[in-house]
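> Per my numbering: the sequence shown = residues 6 to 313.
Just so it is clear, CB atoms sit at the ideal spot from N, CA and C, and this is done for glycine as well.
Just passing along the structure, written as structure tokens.
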Amino acid sequence: MKKLFLLSIVLLSQAASAQVQVWSNSFDTPADLQGWTLHDLNNNGNGWVQGQNIYFNGTNALTYGTAGVLRYSVSLVPTGNAAGFGTENDWIISPPIDLQGASGTISLAAYIGRQRTTHFNIGRDLFIYVSTPAKPVPTLADFQAMTVDADGNDIPSPYSIIAGTVANPFPNDLTQFNESIVDLSAFAGKKIYIGLWSNRKPSGNNLQNINIDEMAIYASTFLGTKDVKKKENVTKIAENPVRDFLQLHLNPDFNENKTTVHIYNVAGQKVLSAQYTRSINVASLQAGFYIAEVSDGETAEKLKFIKK
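Laid out in structure tokens, this is it:
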């Protein structure tokens, strides 16, 4: 149940100005973590991953859903627990997010899903680093310094994504996601990085087990006109659903001779790669939902299609 983003923001902004998307990540494929950095500080092989959402199937095991998400869980899929999960200490840090052309109301939205019905509310503190001329790129230590004081006590972040609260309860269906909106207007005109932390504590910052379906940042004013113009000419799928051939009308900004097409299934697995042509043979693919990533090495676009 993706792409229902910012319904509440749109409704609120109708009386003011429209929201412009500044940044987004759908976490549909492994390529969506390009530029993100991950840290498994307790070295147990468990940590933040891109993949299918997971949820308790009502009997005795977790199972895979169909949404591509950024997820964290102390449980392995389909069953079992990660070794050493009692000392989990894992970070994921975003690439730079440029808000230098953004002003007015700036809102981050995320769609959050739980993994078990016993998880009444789920969230994450957002540890936000602002680039400076002296230090444009943060280190892990910069984010760690935001989490605890000199005595080791948690420092709550004023910026958090959370769902399942009394005002915004989770649906009974564990495959569904709830919207969380965070006001980032204080970061107008800045370049920022966002860090998410998972550590094993009975209380305090960042408890375990979360599916994040999608994240995006919107601003009421954005001067990044170059990016807006790029969105006017995009690759199109001629016919969708697709039978034997995926027919593409390529974005004219792409270098056609350098363009490749990678196709991923809902599990985030690459199932086909091909040099761009206007008609790509996909007859070997099973019926279902797919994502085509089109890239010439400098620009990339993702298109969803259904294979009949």
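Tell me the rounded alpha-carbon separation between residue 133 and residue 124.
26 angstroms
> So, helix, strand or coil for residue 309, using DSSP?
strand
> Determine the direct distance from the alpha carbon of residue 253 to that of residue 108, and round the result to whole angstroms.
36 angstroms
> Taking all protein chains shown into account, decide if residue 280 is buried (16 or more other Cβ within 10 angstroms of its Cβ) or exposed.
exposed
> In the DSSP assignment, what are the bridge partners of residue 154?
Bridge partners of residue 154: none, in fact.
> Identify the continuous alpha helix (DSSP H) that holds residue 327 and give its terminal residues.
Residue 327 is absent from the model: the chain starts at 6 and stops at 313.
> Give the DSSP-derived three-state secondary structure of residue 125 in the structure shown.
coil
> Can you check DSSP and say which residues form a bridge with residue 57?
73
> Would you mind sorting residue 311 into buried or exposed? The rule is 16 or more other CB atoms within 10 Å of its CB.
Its Cβ having fewer than 16 others within 10 Å, residue 311 is exposed.
> So is residue 283 buried or exposed if we call it buried at 16+ other beta carbons inside 10 Å?
exposed
> Using only the alpha-carbon positions, how far apart do residue 161 and residue 241 sit?
44 angstroms
> Just checking, does the region 221 to 230 make contact with the region 246 to 264 on the three C-beta pairs under 8 angstroms criterion?
no
> Under the rule that 16 or more other beta-carbon atoms within 10 Å means buried, what is residue 247, buried or exposed?
buried
> What number of angstroms, rounded off, separates the C-alpha of residue 211 from the C-alpha of residue 100?
The pLDDT assigned to residue 211 is 49, lower than 50, so where the model puts this residue is not dependable; a value taken from the coordinates is nonetheless given after this. Whole-angstrom Cα-Cα distance: 20 angstroms.
> Classify residue 299 as buried or exposed, calling it buried when 16 or more other Cβ atoms lie within 10 Å of its own Cβ.
buried
> One question on the structure: do residue 169 and residue 126 come within less than 7 angstroms of each other, judged by their Cβ atoms?
It is a contact, given that the beta carbons lie within the stated cut-off.
> Go ahead and label residue 43 buried or exposed: buried means 16 or more other beta carbons lie within 10 angstroms of its beta carbon, across all protein chains shown.
exposed
> For residue 249, collect the residues of the same chain with a Cβ closer than 6 angstroms to its Cβ; drop the 5 residues on either side in sequence, then sort them by chain order.
288
> Taking the beta strand (DSSP E) that residue 239 falls in, what are its first and last residues?
No beta strand (DSSP E) contains residue 239, which DSSP labels as neither H nor E.
> Expressed to the nearest angstrom, what Euclidean distance is found between the alpha-carbon atoms of residue 129 and residue 77?
11 angstroms
> Cutting at 8 angstroms between CB atoms, please list the residues of its own chain near residue 53, excluding the five before and the five after it.
43, 75, 76, 77, 95, 96, 97, 201, 203
> May I have the straight-line CA-CA distance separating residue 145 from residue 173, to the nearest angstrom?
32 angstroms
> Is it the case that the region 80 to 89 contacts the region 181 to 199, given that we only count it when at least three CB pairs across the two stretches are under 8 angstroms?
no
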